[in-house]
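The opening residue of the sequence shown carries number 66 in the working numbering; numbering runs sequentially from there. Glycine residues also receive a C-beta, built at the ideal position from the N, C-alpha and C atoms. Owing to the predicted nature of the structure, the values given are computational and were not obtained by experimental measurement. For reference, the structure is listed below as structure tokens.
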Amino acid sequence: MKKFLYLIGIIFIITVNSYSQNLVNNPSFEDIKTCPNDWFDFHVLEHCFHVLRGSSDVFNSCYTNTSLLNAGVPSNKFGHQYPRTGEGYVGQCFIDLVIDLSDTTFLESDILCEQFGMTLKEELVENKKYCVNFYVSLANRHSTIATDAISMLILSDSLPLVYFSPPEDTIYSNFPQIMHPQINNPYGNIIKDTINWVKIEGEFIAQGGEKYLYISNFKRLGDINWDFVPYTDYFNGSYSYYYIDDVSVYLCDAPVYYANAGNDTCISAGESVVLGNPSLEEYLYWWSDGKRIIGNSGSITVKPTKTTTYYLRQKDFKFEESIDSVTVEVGDCLPIAGNGALFFRIYPNPNDGNFQIRFNGLIPEGAKLQLFDILGRQVGEYLLVGDGNIANIQLEIPKSLYCAKVITPNFQLPSVKIVVVE
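Printed below as a string of structure tokens:
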């Protein structure tokens, strides 16, 4: 039986890692041919390309010209922002309005500012539902306006090959009319945030054969909402310039695995223990002991000299984060009830601090609930009393992730995570 279960585990790992879930090549702009010499060196990016006109820009921490900081991270020509993931991101103009800043009068408009394309790892399948995420942040130096006109178009053909046959002015004037992007930032959702990364998401049914994606402004001037924002500098005009990172296209029914640091455990002094689970392809991991990063894989081996709580921060294939923690006790440990023994569940979970502890048997005599925060600090201990197998708990604690332990004078039960929300 053990050999059979081990084989199932191997098959599971191979299956999960044998295909890509995020279908975008170079989704967080980490793959570069060489370090950019300037912000407009977009050609250094693998699997990314300019479209029609303009020059989308690239920024990476490998840029070391401290006198200019044109293509640097976090500071660069257009502002200051850290990558959402990794060491780099891209940026481009979404609206270029030439106006009189003294009275906000439009002198001329050129709404089709810049756009770039990315390749997909495989063609999309007809009638399959795909989900899309990407993140933007308004650049805080050269952006004088913010807008809602941010979209993604997914096609089976490369735009330059299809739409370069008419004269250029025809392309630009007709572009919003002939393009129908599948993913659009909601109408009226003017993105002004220069500190955080803002998620744009959506879903669509594939026509089949799609293999390119394009991020740009695909709207006509009359369909665009925009607003002025504080700025420190501007070119000859009024620009809406955004940084872009973490692009994903994936089947909506693709399995997602959340951070799982494992069950709390106890070891004797001098022993080591393995935490977590095998690494998954396209997942990113950061293990911490509360002071520093100690690992970047799905599992780690630790040998603490005292009771320690470890934290696993994980990003999945679509760059969404989940966090889990595990406590390793060192010293004399109460025996943990094994399979077939007493256990408990939290209901409801998540909750607002009011919940029930439901045992699969009578509440043990002298049982106590211990709560620990994500830093491993004990925030409370409560004697469990109730009718039969249910104890009602009412707490006023901040919303967060907590670790719940039930201990008795003779043994402890496997811990359970509690999520407290407002």
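Where residue i sits in the DSSP three-state scheme
{"i": "His-501", "result": "Missing from the structure shown is residue 501; the chain here goes from 66 to 487 and no further."}
{"i": "Leu-53", "result": "Outside the displayed range of the chain (66 to 487) lies residue 53, so it cannot be described from this structure."}
{"i": "Ile-472", "result": "strand"}
{"i": "Met-183", "result": "strand"}
{"i": "Lys-264", "result": "strand"}
{"i": "Gln-477", "result": "strand"}
{"i": "Tyr-279", "result": "strand"}
{"i": "Pro-320", "result": "coil"}
{"i": "Tyr-237", "result": "In this predicted model, Tyr-237 has a pLDDT of only 42, less than 50, meaning its place in the structure is not dependable enough to derive any value."}
{"i": "Phe-143", "result": "coil"}
{"i": "Gly-274", "result": "coil"}
{"i": "Val-486", "result": "coil"}
{"i": "His-534", "result": "As displayed, the chain neither begins before 66 nor continues past 487, which places residue 534 out of reach and without an answer."}
{"i": "Ile-256", "result": "coil"}
{"i": "Ser-85", "result": "coil"}
{"i": "Asn-125", "result": "strand"}
{"i": "Asn-102", "result": "coil"}
{"i": "Asp-96", "result": "coil"}
{"i": "Val-155", "result": "strand"}
{"i": "Val-314", "result": "strand"}
{"i": "Asp-329", "result": "coil"}
{"i": "Ser-305", "result": "strand"}
{"i": "Asn-130", "result": "coil"}
{"i": "Asn-249", "result": "strand"}
Residue i vs residue j beta-carbon contact at 8 Å
{"i": "Phe-437", "j": "Asn-425", "result": "no"}
{"i": "Ala-271", "j": "Glu-394", "result": "no"}
{"i": "Ile-309", "j": "Tyr-154", "result": "yes"}
{"i": "Ile-388", "j": "Tyr-376", "result": "yes"}
{"i": "Tyr-431", "j": "Thr-473", "result": "Rather than Tyr, the amino acid found at residue 431 in this sequence is Gly. Yes. Within cutoff."}
{"i": "Asp-161", "j": "Leu-203", "result": "no"}
{"i": "Lys-186", "j": "Ser-85", "result": "yes"}
{"i": "Tyr-277", "j": "Gly-182", "result": "yes"}
{"i": "Ser-390", "j": "Ala-319", "result": "no"}
{"i": "Val-123", "j": "Pro-101", "result": "yes"}
{"i": "Ala-456", "j": "Ile-411", "result": "no"}
{"i": "Lys-383", "j": "Asn-90", "result": "no"}
{"i": "Leu-460", "j": "Val-484", "result": "no"}
{"i": "Tyr-306", "j": "Phe-143", "result": "yes"}
{"i": "Gln-180", "j": "Ile-219", "result": "no"}
{"i": "Asn-254", "j": "Gly-267", "result": "no"}
{"i": "Thr-392", "j": "Asp-329", "result": "yes"}
{"i": "Ile-458", "j": "Tyr-447", "result": "yes"}
{"i": "Val-197", "j": "Ser-313", "result": "yes"}
Exposure of residue i, with buried meaning 16 or more beta-carbon neighbours within 10 Å
{"i": "Ser-337", "result": "exposed"}
{"i": "Cys-158", "result": "buried"}
{"i": "Ala-406", "result": "exposed"}
{"i": "Ile-358", "result": "exposed"}
{"i": "Glu-275", "result": "buried"}
{"i": "Asp-381", "result": "buried"}
{"i": "Glu-233", "result": "Any answer about Glu-233 is weak, because its pLDDT of 42 lies below 50 and its placement is not dependable; what the coordinates show is given next. So Glu-233 ends up on the exposed side."}
{"i": "Ile-256", "result": "buried"}
{"i": "Ala-214", "result": "buried"}
{"i": "Tyr-200", "result": "buried"}
{"i": "Gly-129", "result": "Note on residue identity: the sequence assigns Thr, not Gly, to residue 129. It is exposed - the Cβ of Thr-129 has fewer than 16 other Cβ atoms within 10 Å."}
{"i": "Val-450", "result": "exposed"}
{"i": "Ala-334", "result": "exposed"}
{"i": "Asp-106", "result": "buried"}
{"i": "Glu-487", "result": "exposed"}
{"i": "Val-396", "result": "Looking at the sequence provided, one finds Gly at residue 396 rather than Val. The residue is exposed, with fewer than 16 neighbouring Cβ atoms inside 10 Å."}
{"i": "Gly-341", "result": "buried"}
{"i": "Pro-251", "result": "exposed"}
{"i": "Arg-149", "result": "buried"}
{"i": "Tyr-323", "result": "exposed"}
Original post:
Which whole runs of the beta strand (DSSP E) in the region 335 to 411 are 3 residues long or more, in chain order?
Top reply: Within the region 335 to 411, the complete beta strand (DSSP E) runs of at least 3 residues are 338 to 341, 349 to 353, 358 to 360, 364 to 367, 373 to 380, 386 to 395.
Subject >> the region 414 to 429 contacting the region 346 to 353, beta-carbon criterion three pairs below 8 Å >> reply: Segments in contact, no.
**OP:** Could you tell me whether the region 206 to 213 touches the region 278 to 298, using the rule of 3 or more Cβ pairs below 8 Å?
**Re:** The region 206 to 213, when compared against the region 278 to 298, does touch it at the 8 Å Cβ threshold.
Original post:
Taking three-plus beta-carbon pairs below 8 Å as touching, is the region 134 to 148 in contact with the region 270 to 288?
Top reply: no
Subject >> Within the region 410 to 468, ranges of the alpha helix (DSSP H) (whole runs, at least 4 residues) >> reply: none
Original post:
Which ranges would you report for the alpha helix (DSSP H) in the region 185 to 221 if only whole runs of at least 4 residues count?
Top reply: none
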